[in-house]
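If you count the sequence shown from 1, you need to add 1108 to reach the numbering used here.
Cβ coordinates follow ideal geometry from the N, Cα and C atoms, glycine included.
Note that this is a predicted model, so its numbers are computed, not measured.
Working notes, structure below.
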Amino acid sequence: MDIEVRLATARDRQALDRFYSREGLNFQALSIRSPHFSTGSSKETMFIIAVSDEAIIAALKLDVVVDESIGKIGYIQHFEVEDEYEKSDLGEKMMNHLFDIGKKKGLRALDVFVSEDRSEMRSLYNILNFLELGKTIHLRKHFKERPFYR
């Protein structure tokens, strides 16, 4: 089975929507929402996809921002792989493609925030020599329930 890893184009939008929907995520929300970067807003956004038999089987989002202290940084987000490919080398192939893009775009670093329960992704990043710079805890204070939301 041939797998092509490449940058997504506008023609891939519906396929990305279907893929992220299968993964329990909303592509439309992912494509427009960027987290607040301490370095400023996103300068460029792209999706890298893996395609087999005309279906997307893996995808990730890359936001490029400028950090005044070191230059352009890429933030990896929403990296999802179909269950049947999680034990394969597909994640590594996608990251190698991402490294090539990063070099061409003059990135100085790649950052990613990974949930502790995503052990397979943390393992992949460790294999690829990503350094753990710290741990982040997501906290929220609820004030009152909104009448139209549960």
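Contact check for tyrosine 1183 and valine 1173: beta-carbon distance about 7 Å, within the 8 Å limit, so the pair qualifies.
Annotation: glutamate 1200 to glutamate 1253 spans about 43 Å, alpha carbon to alpha carbon. Cα atoms of aspartate 1161 and aspartate 1110: separation of roughly 8 Å, rounded to the nearest angstrom. Taken atom to atom, the span from the alpha-carbon of alanine 1116 to that of leucine 1247 is near 33 Å.
The residue among Arg1114, Phe1135 and Val1113 with its C-alpha nearest the C-alpha of glutamine 1122 is Phe1135. In the same chain as valine 1220, and ignoring 5 residues on each side of it, the C-beta atoms closer than 6 Å to its own belong to Ile1184, in chain order.
As the crow flies, the alpha-carbon of histidine 1205 is around 44 Å from that of phenylalanine 1251. DSSP places tyrosine 1183 in the uninterrupted beta strand (DSSP E) bounded by 1179-1189. For isoleucine 1165, the enclosing beta strand (DSSP E) begins and ends at 1163-1175.
Here aspartate 1225 is exposed. Its C-beta has fewer than 16 other C-beta atoms within 10 Å.
Distance from the CA of alanine 1167 to the CA of leucine 1133, rounded to the nearest whole angstrom, comes to 12 Å.
Taking 4 residues as the minimum length, the alpha helix (DSSP H) runs contained wholly in the region 1189-1222 are 1198-1212, in order along the chain.
Between tyrosine 1193 and isoleucine 1157, the beta carbon gap of about 13 Å keeps them out of contact (Cβ cut-off 8 Å). The beta carbons of leucine 1124 and phenylalanine 1155 sit closer together than 8 Å. Around methionine 1202, the same chain offers Val1113, Ile1156, Ala1158, Ala1166 and Leu1168 as residues with beta carbons nearer than 7 Å, after the five sequence neighbours per side are excluded.
Contact check for glutamate 1188 against tyrosine 1128 passes: the beta carbons are separated by less than 8 Å.
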